[in-house]
Structure formats: C-alpha cells, structure tokens
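Trainee: Handing you a structure now.
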Amino acid sequence: MILNQVIGLLAIGLAPLAVSVESFPITGVPVEDGTAVPARKNINDLYSQGIHGLPYIEWNGGGELQTTAGWRGYCPHGENLFLPWHRAYILAFEQVLVEEAKYIAATYPPKYRVQYMEAAEQLRSPYWDWSANSNIPPCTVPMEAVVNVPDGPNLKNITIDNPLHSFRYPEKARNGEFGEFPDLSTTERCPSPYEYPESANRRLAQWKLKQDTYDIFTYSANFEEFANTHENATTLEQMHNAIHWDAGCAGQFLKAELSAFDPLLLLTNSNRSMLHHTHVDRLWAYWQFANEDHTTFTNHYYGESRYSTRRYTLIKPSSPLEPFYDGLLAYWTPNKISSIRGLGYTYEPLHYWNTSVAQLEANTAHFINTMYSDSAQQQKRRAPAEAKPRYFARLELDRAQVERPCAVRVFINGTAAGKLVVMQLPETGILRGIVAVDQEMQAAFAATSPSNGLVSSVEPLIEMDIMKPNGAIIPLSKVPSLKLTLEEVSVTPAESDIEFPTPGERKTHAVGLRDRHGDDHPRRVL
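Counting with mature numbering (1 follows the signal peptide of the UniProt record, and there is no 0), you get residues -23 to -1, 1 to 503 for the letters of the sequence shown.
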C-alpha cells in the first residue's frame, strides 16, 4: 500500500480510461507461487501529479507544511533521496492505475470481461527508453485517440482526447480551490517557434544518452556516483535533467512545480502511469542487480527543504519518504524500497524470483552491453584487451550563483561537445557533473599540430557558455565558482559480454575558462 487512502484530489480532473489488450499488451511473468510479477514495458512498444509539486498542500496525512522558504513540494532532487522517493511515487500512481483499470474492466460486456480484467491485473507503468531511442514517443503526438468502450453486449470505437498529448488543468485548481496554482488552461510543450515533436527530437538527439547510460554502469563506483548530481561523475540524475530540459523544448516540463502534469512524465488525465521516471527507475533497478553491494546510499547527510521536511534535516537510509505509506501504515524508507523484489513489478530480464544473485548480475551486464554499448565496443571484446584513452569534461559550480534553470555548455574547436543542466531545484549546493567529449577531443587533436595527444595542447580551443531556457546568456564572469577540468581515462575493454570495461589511470588538466560570447582572455580557476 503506497497511499494511506485513495484521495479524490489525487486525480485533479479524473477522466475515463478505456482499457484494451491491444492498446496495452503487457505480459505477466509467472513466478513459482502461482502469482505474477508483470514486467513494465517500453512505451514505444505499447500502442496525484500534485504530490510532486503544485498544489502545495498536505497529501495522504504526510505531515504539515514545515517550510515557508525554499521548495514546498514533496519531491527531492540533487540528493540521495531522489531515486528512492521517485520509486515510491511511481508505485503510488501504479496502484491507482491498476485499481481504476480493474474497476473499468469490470464494466465491460461478459464475453470480453475476462480478457479486460486480465489486462487490468497485468497493467504496469510503461517507460520511455530514451537511452536507446531519444525520439519522443509517437503515442504522445496525436491530439486524439481511438479506444474501445462497452456498447451493450458488444464494443464500439470512440474518439477521445489523447491523454498522452496534454493535460487540461481543471477550473477548480485554476480558481484556487487547491491553494496556489497558476492560471494555465493546459500543459504546453515546445511553444512557438518550436514544433512538437520535431524540435524536441532535434534537441534530444544532441545528447549522448546511449553513451551516458553505458558510462554510468562502467564508471560509477557506488550508488552516489551512479545517482546524483552532487557527485563528480556522469549520473542518472544528470541524464534525467537533460530530458526535462529538451523533451518539452525548455517549456513547462522543465518546471518542478508543473512537470508532473505533463504526460511525458506520466499519463496525467487519470494518473495513469509514468514514462520518463519509470525509465529512470528501470536503470536504477539494473544498477542494483549488477551491484548488489551498492543498491542505495548508506551515509547520513543534511537534506534540502521539502513540504513536510525542513532544510538541513538529517537524512538517513531509514528516513521517511513522505507521503508514502506501506501496508502496515508505516512510511516507506530508502532501505525498504531499495530493491524491486516484492514490489509487484519487474523489468526484463530481471527474473529475480528464480535466479541466483550471481546469474542476475551476469544477465544484467549482458543486457546493458547488448542494449547500450556501441558496435565498436562490442567489436573490441573479440580482440585482445588493450587500454584506450577516453576523454571527459568535468564541470562544477555553485547553484546559488546562476539563474536556474540553465545549461552549462562546452564547445571544443567550435563544436558543441556537451552540456550540464542546472535544474530549478535544489536552490543551493555544489553541482558536479561529467560529459563525454571523446570525438570532439580527437577532432581537436587532429586540428592542432603538433598535439602529441596532450590535453593541454587543445586548451585554447575550449570555450564555454551558460544559457537560460529563453536563449539568453549568463556571462561566465558572474559565476566565480565555475570550474572545468578535462580528464583522460585509460580504459580496458571488457573481455566478455557479461563484464563492463575497466577504467584505469586518470589524468586531469584544469582548463582556463573562455567565455564563448565574451572576454577572449581565459579565467584560470584553481
């Protein structure tokens, strides 16, 4: 039980759901005790929001407002609670999804009812695998959808507003019945002059999401390096931020208080399911089965503000994930939710109920290598293992020194090499991240004679800028905390498809900051 009670307000504008096996061909995975653990499916294979941000009200008996300054939603970002809290969040909506689907399926004609009830029982939150294919899911584009509904003893097709296209904010919310709320009629993606999905697809294609996904499994030494943007690594949250920046062309999907209402995050009209965050949870699940000793965080730290939690509260693996309760009416905690075992869902190929820990680790590594490593990497496994250099740009800044959200961009020899998104939240603290710049560095070496492969030889070709969502530029001189370090890592390829490459010696070079739009003289940051 995720929600203490099913709250009508959770829906904020409930709309009917037409369930069909054809629309949601989700197959269950049998387990030894005769029950089923359905697998969450890729949304591209398939043909409550308020808990996250607005409205800022108490949910589910989750405690009174404890902060008047800072973030007043429940969701945490930029800290270790990010992944555990959002797993509980997905489960809460999945609970509502299945119960509502069962209720509706029970209204179908007798000759179809068993089929629809089985589909409802197996229904789980679909995901958008932007790691493998960054294009916007086609099902989110049409304004209308055709569904099957009961028609006496038979079924008929009707056309409805596509719940994956947009969400209409209900008049009651806009009129202030649920407290503070913007006067917006609907969610909006890629406002003019952009076009959806074409503009979003072009923007998303500029990211190296497939490579970054593979890198978080290769270079992360622990949960913190895998998960959060306060670590000096390529992280899952860093990729999560990239989707928020470009999937809606820096529109409402970028705003923490409103992003949960966009169907890209979840199918919002009836709290149907999550697309973006379910994939984030999926990657965390793979990490956990590939790294049984580092499934979640083990340290204590002082957290950021949330609705019922004051800033600088001591956060532990046993801290409550408000406002989500388990079946015993005790709060879920990071420890309780650190494994998907027993949570009623899985992802292929994680058959954890009848597979050993060692075999799960091997199966997961094989799956990640098959899905996300490039063909060149796969070819190297057939050859003798020889270490090769890889290149990364390490970025660091104090969030309080920039207008958020924004994106820190790195250019090498005039080519956009990568960027790091600074989200609206958290409001303070040091943001760290890494972007892969292999191709851009190799091109710079070729353009610099003689370079001898020395990172320092291409430093004059490296520029940066900081861009706001509207395209305005923040001068680097306004951000004294900004640092850029180039890193060369010697990497030994994996010898089999159940292993990952092994990073070895690291060499770093601090880079003087050259503003792409300003002072030609670099600012050296020590």
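In this text, a Cβ means the ideal position worked out from N, Cα and C, and glycines have one as well.
Source: prediction; values computed, not measured.
Could you tell me the alpha carbon to alpha carbon distance between V6 and T286, rounded to whole angstroms?
Mentor: At V6 the pLDDT is 30, less than 50, meaning the model places this residue with poor confidence; the figure from the coordinates comes in the next sentence. The alpha-carbon atoms of V6 and T286 are separated by roughly 39 Å.
Trainee: In or out: N205 buried (at least 16 other Cβ within 10 Å) or exposed?
Mentor: By the 10 Å Cβ count, N205 comes out buried.
Trainee: Any idea what DSSP makes of R491, helix, strand or coil?
Mentor: In the structure shown, R491 sits in coil (DSSP, three-state: anything other than H, G, I, E or B).
Trainee: May I ask you to report which of helix, strand or coil DSSP gives C226?
Mentor: C226: coil per DSSP, three-state reduction.
Trainee: Please report the distance separating the alpha-carbon of P86 from that of F144.
Mentor: Distance between the alpha carbons of P86 and F144: 30 Å.
Trainee: Please look up how many angstroms separate the CB atoms of F203 and L213, rounded, as I've assumed it's under 8 Å.
Mentor: Contact holds; Cβ gap of about 6 Å.
Trainee: Leaving out five residues on either side along the sequence, give the residues of the same chain with a beta carbon under 6 Å from the beta carbon of residue 514.
Mentor: No answer is possible for residue 514: the residues shown for the chain start at -23 and end at 503.
Trainee: Taking all protein chains shown into account, do 16 or more other C-beta atoms lie within 10 angstroms of the C-beta of Q183, making it buried, or fewer, making it exposed?
Mentor: Result: exposed.
Trainee: From T273 to E338, what does the alpha carbon distance come to, in whole angstroms?
Mentor: Rounded to the nearest angstrom, the two C-alpha atoms are 16 Å apart.
Trainee: Kindly identify the DSSP beta-bridge partner or partners of G410.
Mentor: Looking at the DSSP assignment, G410 forms a beta bridge with L372.
Trainee: For a test of the three-state rule: what should DSSP assign to residue 511, helix, strand or coil?
Mentor: Beyond the ends of the chain as shown, which are -23 and 503, falls residue 511; an answer cannot be given.
Trainee: Would the beta-carbon of I67 fall within 8 Å of that of D351?
Mentor: Going by C-beta atoms, I67 is not nearer than 8 Å to D351.
Trainee: Out of curiosity, what's the CA-to-CA distance linking I220 and L181?
Mentor: Approximately 7 Å between the Cα atoms of the pair.
Trainee: Hey, out of L374, E404, G395 and Y368, whose CA is closest to R288's CA?
Mentor: Cα-wise, what sits closest to R288 is E404.
Trainee: Check whether the Cβ atoms of R49 and Y308 sit closer than 8 Å, and answer yes or no.
Mentor: No.
Trainee: Would H494 be called buried (16 or more neighbouring beta carbons within 10 Å of its own) or exposed?
Mentor: The residue in question, H494, is exposed, as its Cβ has fewer than 16 Cβ neighbours within 10 Å.
Trainee: Per the DSSP calculation, M400 is bridged to which residue(s)?
Mentor: Note: M400 sits in no beta bridge, so no partner.
Trainee: Within a Cβ cutoff of 8 Å, which residues of the same chain sit near T347, ignoring the five residues on either side of it in sequence?
Mentor: Same-chain partners within the cutoff: D474.
Trainee: Would you identify the three-state DSSP class for H486, choosing helix, strand or coil?
Mentor: Strand.
Trainee: With DSSP collapsed to three states, give me the class of L23.
Mentor: Interpretation of L23 is limited by its pLDDT of 36, a score under 50 that renders its predicted location unreliable; the figure taken from the coordinates is listed afterwards. L23 falls in the coil class under three-state DSSP.
Trainee: At which residues does the alpha helix (DSSP H) containing R180 begin and terminate?
Mentor: Counting along the chain, the alpha helix (DSSP H) containing R180 begins and ends at E175 to A182.
Trainee: Pick out the complete beta strand (DSSP E) segments inside the segment 66 to 114, 3 residues or longer, and give them in chain order.
Mentor: The qualifying runs do not exist here; there are none.
Trainee: CB-CB under 6 Å to K190, same chain, minus the five flanking residues each way: which ones, in chain order?
Mentor: For the record, residue 190 in the displayed sequence is Thr; it is not Lys. S108 and Y349.
Trainee: Judging by CA-CA distance, which residue of L320, A394, T290 and G489 is the nearest neighbour of A262?
Mentor: Answer by Cα proximity: L320.
Trainee: Could you tell me if H277 is buried or exposed, where buried requires 16 or more neighbouring beta carbons within 10 angstroms of its beta carbon?
Mentor: Classification for H277: exposed.
Trainee: Classify I317 as helix, strand or coil using the three-state DSSP reduction.
Mentor: Of the three classes helix, strand and coil, the one that applies to I317 here is coil, per DSSP.
Trainee: Work out the CA separation of P366 and L305 for me, nearest whole Å.
Mentor: Answer to the nearest angstrom: the Cα atoms are 52 Å apart.
Trainee: Here's the rule I'm using: 16 or more other beta-carbon atoms within 10 Å means buried, otherwise exposed. How should G481 be labelled?
Mentor: G481 should be labelled exposed.
Trainee: Could you check the C-alpha separation between E363 and P470 for me, to the nearest Å?
Mentor: For E363 and P470, the distance between alpha carbons rounds to 7 Å.
Trainee: Report all residues from its chain with a CB closer than 7 Å to the CB of D160; omit the five preceding and five following residues, and keep chain order.
Mentor: Taken in chain order, the residues that qualify are R151.
Trainee: Express the C-alpha separation of L252 and I20 in angstroms, rounding to a whole number.
Mentor: Because the pLDDT of I20 is 46, which lies under 50, any placement of that residue in the model is unreliable, and the number read from its coordinates should be weighed accordingly. Taking the straight line from one Cα to the other gives about 7 Å.
Trainee: Measure the beta-carbon distance from K445 to C383 and round it to whole angstroms, keeping in mind my assumption that it falls under 8 Å.
Mentor: Indeed, because the Cβ distance is near 5 Å, the residues count as touching under 8 Å.
Trainee: On the criterion of 16 or more Cβ atoms from any shown chain inside 10 Å, does K484 qualify as buried, or is it exposed?
Mentor: With fewer than 16 other Cβ atoms within 10 Å, it is exposed.
Trainee: Apart from the five residues on each side of it in sequence, which residues of its chain come closer than 7 Å, Cβ to Cβ, to A342?
Mentor: Same-chain partners within the cutoff: A267, I475, E476 and F477.
Trainee: Taking C-alpha atoms, which residue in S102, I137, L260 and P127 lies nearest to P119?
Mentor: Answer by Cα proximity: I137.
Trainee: Taking 8 Å as the cut-off, decide whether the C-beta atoms of M450 and E380 are in contact.
Mentor: Strictly speaking, residue 450 in this sequence is Ile, with Met absent from that position. In this structure, E380 does not lie closer than 8 Å to I450 by Cβ.
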